[in-house]
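Q: Under our numbering, think of the first position of the sequence shown as -1, with each following residue one higher.
The beta carbon of each residue, even a glycine, is placed where N, CA and C say it ideally should be.
One structure, pasted below without further comment.
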Amino acid sequence: MAPLQLARLRKSKVLRDWVSQTNLSLKNIIAPYFVVSGKNIERPIKAMPGIFHLSVDRLLKELEEFKQINAILLFSLPESKNNTASQSYKKDGIIQKAIQAVKKNFPWMIVISDVCLCGYTLHGHCGIIENLKFKDKKVKSQFKIQNYKINEEKTREVLAKIALSHAESGADLVAPSAMVDCQVKVIRQALDKRGFNHTGILAYSAKYASNFYGPFREALNSAPVFDDRKTYQLDFRNSDEALREIECDLTEGADIVMVKPALSYLDIIHQVKEKFKVPIAAYSVSGEYSMIKKFSQNPETEKKLALEILTSIKRAGADFIITYWAKELKEWLKEV
Ligand code: PBG
């Protein structure tokens, strides 16, 4: 037999494109946005060059220019925070208004909303913690808290309220990210009970206690004031746990499951795809984005690195990728 010559199919760009197995497309990219109150606001987020806090009017303007995107994921920065997270489920809250405005102006667009408490609590944790005495973030340096406990029951109640308020505003999918057990079940029941059986759930199922969330927490001012998230987010030494979380969320009614972050967790994405054959979203998080931005120094290098990373996430098995490079991808994919 003639020796194998694998390079034969790499000879020209046309040939390489012809045999390529993984191709990025804007069709299954999800663009995250941070919405704030006010008008005509486009405030750069320092830790994430190229990403902004946008008021609703500016978000609409941005989407007008970015019609090619099919899906967006919304976060909001409330005007004030408290430890009941009551700003999170207000009918006329910032994210609720943003969802309504986007669906009114771009009815076909898939609007996904983040359902969590960390952006709305003073302590920055993703759940309700009772009997906390401090009222202001400034006291954090003197503040030592021990033996605190997230009240899971109360947290689920608030998550259900948030999800309902988003569904009422028109969200296509709600995305619970608090990593509280049974959150998907409680949200699914709450939605169905109120007739929102068509509102889907994109569950942040395998969400790791990662060190790559730093820039995002700066953007939302949501870093925990004391302790960390290791009591509820996954331990990065484990993979079986991720599969169990995914299985749980699917049983509870998740339509799409998520692995987060993406780059250090390609093995998890791959295992989930092999095992469950369900739609998977991977979140290429803020630290992955900012790391490449800072390292690459020039747009051409950034483009090449980003395309390689995003392609690897898809190759691992992700059906959807949430990425802060969404807008750049629009230009990049024209040229590929
Ligand atoms: C929390 C949440 C986090 C992100 C999205 N939703 C991080 C956290 O646990 O603080 C991170 C996204 C990113 O880093 O881009 N509900």
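Quick one: any contact between the region 109 to 116 and the region 169 to 179, if contact means 3 or more CB pairs under 8 angstroms?
A: Contact between the region 109 to 116 and the region 169 to 179 is present, because at least three Cβ pairs lie under 8 angstroms.
Q: Comparing C-alpha positions only, which one of L232, G251, N145 sits nearest to L189?
A: Nearest C-alpha to L189: G251.
Q: On the DSSP letters alone, give me the boundaries of the beta strand (DSSP E) that S86 sits inside.
A: It is not in any beta strand (DSSP E) - S86 carries neither H nor E in the DSSP assignment.
Q: Which residues does DSSP pair with F32 in a beta bridge?
A: F32 is bridged to H51, F73.
Q: Between D15, L241, N21, Y281, which has its C-alpha nearest E272's C-alpha?
A: Ranking D15, L241, N21, Y281 by Cα distance to E272 puts L241 first.
Q: Looking only at DSSP bridge pairs, what is N149 linked to?
A: Answer is I126.
Q: Which two residues bound the contiguous alpha helix (DSSP H) that contains S310?
A: That run of the alpha helix (DSSP H) goes 297 to 314.
Q: Straight-line CA distance for D317 to N129?
A: Their Cα atoms are separated by approximately 42 angstroms.
Q: Take every Cβ of the region 195 to 212, pair it with every Cβ of the region 279 to 294, and state whether three or more of those distances are shorter than 8 angstroms.
A: With a cut-off of 8 angstroms, the region 279 to 294 and the region 195 to 212 count as touching, because enough Cβ pairs lie within range.
Q: Just the C-alpha distance for W323 and V257, rounded to the nearest angstrom, thanks.
A: Using only the alpha carbons, I get a separation of about 18 angstroms.
Q: How many Å lie between I28 and R6 at the Cα?
A: Each residue's Cα considered, the two are about 36 angstroms apart.
Q: So what's K205 in DSSP terms, helix, strand or just coil?
A: Three-state DSSP puts K205 in a strand.
Q: Grouping DSSP H, G and I as helix and E and B as strand, with all else coil, what is F64?
A: Note: F64 maps to coil in three-state DSSP.
Q: Taking the straight line between their C-alpha atoms, what separation do you get for L71 and S10?
A: Spanning the two alpha carbons is a distance of roughly 38 angstroms.
Q: Go through its chain and collect everything with a Cβ distance to I97's Cβ below 8 angstroms, but skip five positions before and after it.
A: Cβ neighbours of I97 beyond the five flanking positions: L72, V109, S111, H164, S167, G168, A169.
Q: Skipping 5 residues on each side, what residues in its chain have a beta carbon closer than 7 angstroms to that of G36?
A: These residues qualify, in order along the chain: S53.
Q: Suppose you measure from the CA of R154 to the CA of A161; what does that come to, to the nearest Å?
A: Using only the alpha carbons, I get a separation of about 10 angstroms.
Q: Quick check on the DSSP output: the beta strand (DSSP E) that includes S262 runs from which residue to which?
A: Unbroken run through S262: none, as it is neither H nor E.
Q: With a threshold of 8 angstroms, are at least 3 pairs of Cβ atoms found where one atom belongs to the region 212 to 228 and the other to the region 292 to 300?
A: They do not touch, by the three-pair rule.
Q: In angstroms, rounded to a whole number, what distance separates the CA positions of F274 and L22?
A: C-alpha separation (whole angstroms): 22 angstroms.
Q: With a 10 Å radius around its C-beta and 16 neighbouring C-beta atoms as the bar for buried, classify P30 as buried or exposed.
A: Classification for P30: buried.
Q: May I have the straight-line CA-CA distance separating S86 from P76, to the nearest angstrom?
A: About 8 angstroms.
Q: Determine the direct distance from the alpha carbon of D90 to that of K102, and round the result to whole angstroms.
A: So the alpha carbons of these two residues sit roughly 15 angstroms apart.
Q: Under the DSSP definition of a beta bridge, which residues are partnered with Y281?
A: DSSP output for Y281 lists I320 as bridge partner(s).
Q: Does the Cβ-Cβ distance between L363 and F32 come in under 8 angstroms?
A: Beyond the ends of the chain as shown, which are -1 and 334, falls residue 363; an answer cannot be given.
Q: Beta carbon of E239, beta carbon of S203: below 8 angstroms?
A: Not a contact, by the Cβ cut-off of 8 angstroms.
Q: What are the start and end residues of the beta strand (DSSP E) that includes I110?
A: Start and end: 108 to 113.
Q: For I27, list the residues DSSP reports as bridge partners.
A: DSSP lists I319 as partners of I27.
Q: Mapping DSSP to helix, strand and coil, what is P213?
A: DSSP places P213 in helix when its eight states are reduced to three.
Q: Thinking T20 and K312 are a contact (beta carbons under 8 angstroms), I'd like their distance in whole angstroms, please.
A: Yes, T20 and K312 are in contact; Cβ-Cβ is about 5 angstroms, under 8 angstroms.
Q: Please report the distance separating the alpha-carbon of C335 from that of D247.
A: Any property of residue 335 remains undetermined from this structure, which presents the chain solely from -1 to 334.
Q: For L58 and R215, what's the separation of their Cα atoms in angstroms?
A: Near 24 angstroms, if we compare the C-alpha coordinates of R215 and L58.
Q: Which value, in whole angstroms, describes the spacing of the CA atoms of I290 and P1?
A: Computed Cα separation, rounded: 40 angstroms.
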